[in-house]
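For reference, the structure is listed below as structure tokens.
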Amino acid sequence: MRVVLRNPTREIDVDGPMTVHTLLQRLDLNRESHLVICDGELVAGDRTLPSGAEVEIRSVISGGSR
Amino acid sequence: MKCRVCRGPAVIDIRRHNANFCREHFLRLCRDQVEKAIRRFGMLQPGERVLVAVSGGKDSLALWDILVDLGYSADGFYLGLGIGDYSDESAGYAHRYAESRNLTLHTVDLPATHGFDIPGGARAAKRAPCSACGLSKRHLFDEAARRGGYDALATGHNLDDEAAVLMGNTLRWQTEYLGRQLPVLEARDGFPRKVKPLVRLSERETAAYCLLRGIDYIVEECPMAVGNKHLAYKAALNDIEVQSPGAKHDFYFGFLERASERFRAEVEQDRAALAACERCGSPTDAGVCAFCRLTERATARAPVHFSDRGSP
Ligand code: SF4
Ligand SMILES: [Zn+2]
Ligand SMILES: [Zn+2]
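Chains as they are written, first to last, in the working numbering: chain A, 1 to 66; chain B, 67 to 378.
Have a look at this one:
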């Protein structure tokens, strides 16, 4: 599957299928600070992402001591 | 995973609530959490006019959306900070949202109205960009709320923001800041009431809210934020949260319920008498307010100032 990461925007290829949680774990990303979007839809942690999926992992942390 | 409410397929898992939600029930959860915060802390009364500080990011757009949904008369206020492409893009998101929902968005552009942008102003005044930025925002948001006759100014600070600020204040035992860290600051001496209705929602939830409501927001981070402590505290808290879901909530709300009061006396004691700033008329305890002093330093070396003085 193709995985797009943001901030900065970059793309990687990951062999699927695997669940959302496994993907985050494999990339060493915290599930509290990321959302996973599969083919345009927000997906929960136990969802299996198929091999051909277009996946975006979106970091939700914004900075600045406002 | 199934929705806790309807048993339909879930789109999000929230470990802090030990539950999963479908789209519809997640959106309802977000509104309920905001309503609960508003009621619990007496932030707003029905029918009040609210000014929402809108940055084009997920938190402020979600906040605006929810307040309107809950029936408040809420206008937006966008402040252009002059941070290159980031500011241009974030302004676009704020305007597009307002237009799509037929809402009123007031805007002020800092470089156009005050002659400096945040990166340049911070350099000239020898301040960290986020510190110059925070000062400018506080000042101009207050002013906009006061001039527009709004009952309250609402900002998009979420649970992660408040927990991270609390962590910073606690690590250095900044007792005065601890005494002031409240979800509501009542109006006083020309300052509007300030409210943070998103304190019961995490950043992950405000981002999911925007995605599920089809609200486009600026995903890119402000370039000035890179490497700041606020982000480091957030990351540390999320490492704890993974081990111990609900830790951020307990940290912040436990502070409000059981500790915050202990720091109040110092704040009351330090409360200086305020008078109008000699330059801009905003309430200040310093003759000339901090923002006017920043403006002075930030524009002192700008070429436009020299030509103003009539130099060759
Ligand atoms: S990260 Fe700093 S400079 Fe950028 S908008 Fe936030 S407070 Fe302002
Ligand atoms: Zn449901
Ligand atoms: Zn002033």
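Think of the CB as a built atom: it goes at the ideal place given N, C-alpha and C, for glycine as much as any other residue.
For this session: Check whether the Cβ of B/E327 lies closer than 8 Å to any Cβ atom in chain A.
Result: Looking up residue 327 of chain B in the second sequence gives position 261. Closer than 8 Å: no.
For this session: Check distances from the C-beta atoms of the region 288 to 309 of chain B to those of chain A and list, in chain order, the residues that come in under 8 Å.
Result: Result list: C288, M290, A291, V292, N294, K295, H296, L297, K300, A301, N304, D305, E307 and V308.
Problem set entry | Separation of B/P249 from B/F107, as counted between CA atoms | By one-based count along the second sequence, residue 107 of chain B stands at place 41. By one-based count along the second sequence, residue 249 of chain B stands at place 183. So the two alpha carbons sit approximately 7 Å from each other.
Exercise. Using a C-beta to C-beta distance shorter than 9 Å, which residues of chain B count as neighbours of A/I57?
Worked result: Counting from one through the first sequence, the residue named residue 57 of chain A turns up at place 57. Using a Cβ-Cβ cut-off of 9 Å, A/I57 is close to nothing in chain B; its nearest Cβ partner there is about 11 Å away.
Exercise. DSSP puts B/T350 in a beta bridge; with which residues?
Worked result: Numbered from 1 along the second sequence, position 284 holds the residue referred to as residue 350 of chain B. Under DSSP, the beta-bridge partners assigned to B/T350 are B/A341.
Problem set entry | Cβ-Cβ distance between B/H180 and B/L171 below 8 Å | Numbered from 1 along the second sequence, position 114 holds the residue referred to as residue 180 of chain B. Numbered from 1 along the second sequence, position 105 holds the residue referred to as residue 171 of chain B. No, the pair does not count as a contact, with Cβ atoms beyond the cut-off.
For this session: Would you identify the three-state DSSP class for B/V71, choosing helix, strand or coil?
Result: For this step, residue 71 of chain B is matched to residue 5 along the second sequence. Here DSSP, grouped into helix, strand and coil, assigns B/V71 to coil.
Exercise. Which partner residues does B/F257 have in the DSSP bridge list?
Worked result: Along the second sequence, read from residue 1 onward, the residue named residue 257 of chain B stands at position 191. Its beta-bridge partners are B/R254.
Exercise. Can B/M290 be considered in contact with ligand 1, in the sense that its beta carbon sits closer than 7 Å to one or more heavy atoms?
Worked result: To locate residue 290 of chain B, count along the second sequence from 1; it is residue 224. Yes.
Exercise. Given 8 Å as the limit, is there contact between the region 237 to 252 of chain B and the region 191 to 201 of chain B, that is, 3 or more CB pairs closer than that?
Worked result: Counting Cβ pairs under 8 Å, fewer than three are found: no touch.
For this session: Taking B/D131 as part of the alpha helix (DSSP H), name the residues at either end of that continuous run.
Result: Start at 1 with the first residue of the second sequence, and residue 131 of chain B comes out as number 65. In this chain, the alpha helix (DSSP H) harbouring B/D131 covers K124 to D135.
Exercise. Going by the C-beta, is B/R345 closer than 7 Å to any heavy atom of ligand 4?
Worked result: In terms of ligand content, the structure shown lacks ligand 4 and carries ligand 1, ligand 2 and ligand 3 instead.
Exercise. Should B/D316 be flagged as near chain A, meaning a C-beta pair shorter than 8 Å?
Worked result: Locating residue 316 of chain B in the second sequence gives position 250, where the first residue counts as 1. Contacts with chain A at 8 Å (Cβ-Cβ) do not include B/D316.
For this session: Determine the DSSP secondary structure at B/Y283, reduced to helix, strand or coil.
Result: Along the second sequence, one-based indexing puts residue 283 of chain B at 217. DSSP, reduced to helix, strand and coil, places B/Y283 outside both helices and strands of the structure shown, so it counts as coil.
Problem set entry | Beta bridge counterpart(s) of A/I37 as assigned by DSSP | What you label residue 37 of chain A is simply residue 37 of the first sequence in a count that begins at 1. Looking at the DSSP assignment, A/I37 forms a beta bridge with A/L42 and A/E56.
Exercise. Once you ignore the five residues that flank B/L129 on each side, which residues in its own chain have a CB closer than 7 Å to its CB?
Worked result: Numbered from 1 along the second sequence, position 63 holds the residue referred to as residue 129 of chain B. So the list reads V118, A220, G222, P263 and L264, once near-sequence residues are dropped.
Problem set entry | Contact with chain B by A/I73, beta-carbon distance below 8 Å | Because chain A spans 1 through 66 in this model, residue 73 of chain A falls outside it and cannot be assessed.
Exercise. Taking 8 Å as the CB-CB cut-off, is B/G122 touching chain A?
Worked result: Counting from one through the second sequence, the residue named residue 122 of chain B turns up at place 56. Chain A, which has no Cβ nearer than 8 Å to the Cβ of B/G122, makes this no.
Exercise. Should A/E41 and B/N304 be called a contact, given that it needs their Cβ atoms to be closer than 8 Å?
Worked result: The residue labelled residue 41 of chain A in the question sits at position 41 within the first sequence. The residue labelled residue 304 of chain B in the question sits at position 238 within the second sequence. No, Cβ-Cβ distance for A/E41 and B/N304 is not below 8 Å.
Problem set entry | Uninterrupted beta strand (DSSP E) stretches inside the region 168 to 192 of chain B (no shorter than 3 residues) | If we require 3 residues or more, the beta strand (DSSP E) runs fully inside the region 168 to 192 of chain B come out as 171 to 175.
Exercise. If you measure from the beta carbon of B/N86 to each beta carbon in chain A, is any gap under 8 Å?
Worked result: Translated into the one-based positions of the second sequence, residue 86 of chain B becomes position 20. Yes, B/N86 lies at the interface with chain A (some Cβ there is under 8 Å from its Cβ).
Exercise. Which partner residues of A/E11 appear in the DSSP bridge assignment?
Worked result: The residue you call residue 11 of chain A lines up with position 11 of the first sequence. Note: A/E11 is bridge-paired with A/V4 in the DSSP secondary-structure output.
Exercise. Checking contacts by CB at 8 Å: is B/M132 closer than that to chain A?
Worked result: Counting from 1 along the second sequence, the entry for residue 132 of chain B is found at position 66. Rather than Met, the amino acid found at residue 132 of chain B in this sequence is Ile. By this cut-off, B/I132 is not an interface position.
Exercise. Just to confirm, does B/C88 get its C-beta within under 7 Å of one of the non-hydrogen atoms of ligand 2?
Worked result: Numbered from 1 along the second sequence, position 22 holds the residue referred to as residue 88 of chain B. Yes, the beta carbon of B/C88 sits closer than 7 Å to at least one heavy atom of ligand 2.
Exercise. Can you name the start and end residues of the beta strand (DSSP E) that B/D336 belongs to?
Worked result: Along the second sequence, read from residue 1 onward, the residue named residue 336 of chain B stands at position 270. Element bounds for B/D336: not the beta strand (DSSP E) but the alpha helix (DSSP H), R330 to D336.
For this session: Within the same chain, show all residues whose beta-carbon is closer than 8 Å to that of B/C88, passing over the 5 residues directly before and after it, in chain order.
Result: Mapped onto the second sequence, residue 88 of chain B falls at position 22. Within the same chain, B/C88 has close Cβ partners C69, V71, C72, G74, P75, A76 and V77.
Exercise. Looking at B/F357 and ligand 3, is the gap between the Cβ and the nearest heavy atom below 7 Å?
Worked result: Within the second sequence, the letter at position 291 stands for residue 357 of chain B. With a cut-off of 7 Å, the C-beta of B/F357 is classified as near ligand 3, since at least one heavy atom of the ligand falls inside that distance.
Exercise. By Cβ distance, which residues of its chain are closer than 7 Å to B/G245, with the 5 residues on each side in sequence left out?
Worked result: Within the second sequence, numbered from 1, the residue matching residue 245 of chain B stands at position 179. For B/G245, where only same-chain residues beyond five positions count, the Cβ hits under 7 Å are F329, R330, E332 and V333.
For this session: Could you tell me whether the Cβ of B/V77 comes closer than 8 Å to any Cβ of chain A?
Result: One-based indexing of the second sequence puts residue 77 of chain B at position 11. The C-beta of B/V77 comes closer than 8 Å to at least one C-beta of chain A.
Exercise. List, in order along the chain, the chain B residues whose C-beta lies closer than 8 Å to that of A/S33?
Worked result: As a first step, residue 33 of chain A is located in the first sequence; it is residue number 33 there, counting from the start. Proximity of chain B to A/S33 at the Cβ level (cut-off 8 Å) is accounted for by E269, R270, K300, A301 and N304, in chain order.
For this session: Report whether the distance from the Cβ of B/V71 to the nearest heavy atom of ligand 2 is below 7 Å.
Result: As a working note, residue 71 of chain B is residue 5 in the second sequence. For B/V71, the shortest C-beta to heavy atom distance toward ligand 2 is below 7 Å.
Problem set entry | B/A352 to B/A339 span [Cα, whole Å] | Counting from one through the second sequence, the residue named residue 352 of chain B turns up at place 286. Counting from one through the second sequence, the residue named residue 339 of chain B turns up at place 273. Per the coordinates, the alpha-carbon of B/A352 lies some 10 Å from the alpha-carbon of B/A339.
Problem set entry | Partner residues on chain B for A/L42, Cβ-Cβ distance less than 7 Å | As a working mapping, residue 42 of chain A is identified with position 42 in the first sequence. What A/L42 touches in chain B, judged by beta-carbon distance under 7 Å, is V77, I78, A274, L277 and L278, going in chain order.
Exercise. Between B/G148 and B/I184, which are expected to be in contact by the criterion C-beta below 8 Å, what is the C-beta distance as a whole number of angstroms?
Worked result: Translated into the one-based positions of the second sequence, residue 148 of chain B becomes position 82. Translated into the one-based positions of the second sequence, residue 184 of chain B becomes position 118. About 6 Å; that satisfies the 8 Å criterion.
For this session: Grab me the residues of B/V174's own chain with a C-beta within less than 8 Å of its C-beta, minus the 5 sequence neighbours each way, in chain order.
Result: Walking along the second sequence from the start, residue 174 of chain B turns up at place 108. So the list reads F143, Y144, L145, G146, L206 and A210, once near-sequence residues are dropped.
Exercise. Which partner residues of A/M18 appear in the DSSP bridge assignment?
Worked result: Position 18 of the first sequence, counted from the first residue, corresponds to residue 18 of chain A. Answer by DSSP bridge pairing, in chain order: A/L49.
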